[in-house]
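Going by the working numbering, 59 is the number at position 58 of the sequence shown; the sequence numbering is gapless.
We treat Cβ as the ideally placed atom computed from N, Cα and C, and that holds for glycine.
The structure under discussion appears below in the form of structure tokens.
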Amino acid sequence: MLRTAPASHGAELLLSVIKETFDGVAISAAAYLEIHTSQISHLISGRKRPSLELAVHLQRAINIPCPTWLEPPRGATV
Numbered sequence: 002m003l004r005t006a007p008a009s010h011g012a013e014l015l016l017s018v019i020k021e022t023f024d025g026v027a028i029s030a031a032a033y034l035e036i037h038t039s040q041i042s043h044l045i046s047g048r049k050r051p052s053l054e055l056a057v058h059l060q061r062a063i064n065i066p067c068p069t070w071l072e073p074p075r076g077a078t079v
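Okay, here's the thing in structure tokens:
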């Protein structure tokens, strides 16, 4: 499982989906979403933000709203 702290609220939601739906297996989530596993870790760590196309794909596939990728993690101080 990924050990990186989520960089955004969208990353928190992605981690939650991976834990709940895919039993914590990022490879299964990547296969389902048809993206590379490294892309999942980059999204969670904040090294990359999803493109608009990917954000819309994630919204449709696993219900992560596009704007959450721009929001800080819950409980984070700004």
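Alpha-carbon spacing of H10 relative to H58, whole angstroms: Reading the sequence shown from its first residue, position 9 is the one you call residue 10. Reading the sequence shown from its first residue, position 57 is the one you call residue 58. Cα to Cα, H10 sits roughly 17 Å from H58.
Does the beta-carbon distance from F23 to A12 come in below 7 Å? To locate residue 23, count along the sequence shown from 1; it is residue 22. To locate residue 12, count along the sequence shown from 1; it is residue 11. No, Cβ-Cβ distance for F23 and A12 is not below 7 Å.
Spatial neighbours of I28 in its chain, beta-carbon cut-off 7 Å, leaving aside the 5 residues before and after: For this step, residue 28 is matched to residue 27 along the sequence shown. Cβ neighbours of I28 beyond the five flanking positions: T38.
G11: first and last residue of the uninterrupted alpha helix (DSSP H) it sits in: Within the sequence shown, the letter at position 10 stands for residue 11. H10 to T22 is the span of the alpha helix (DSSP H), which, as asked, contains G11.
By the 10 Å Cβ neighbour count, where 16 or more other Cβ atoms means buried, how is L44 classified, buried or exposed? As a working note, residue 44 is residue 43 in the sequence shown. With 16 or more Cβ atoms within 10 Å of its Cβ, L44 is classed as buried.
I need the straight-line Cα distance from L53 to A32, nearest angstrom please. Locating residue 53 in the sequence shown gives position 52, where the first residue counts as 1. Locating residue 32 in the sequence shown gives position 31, where the first residue counts as 1. Straight-line Cα distance between these residues: approximately 20 Å.
For the region 21-60, list the beta strand (DSSP E) runs that are entirely contained and at least 3 residues long, ordered along the chain. none
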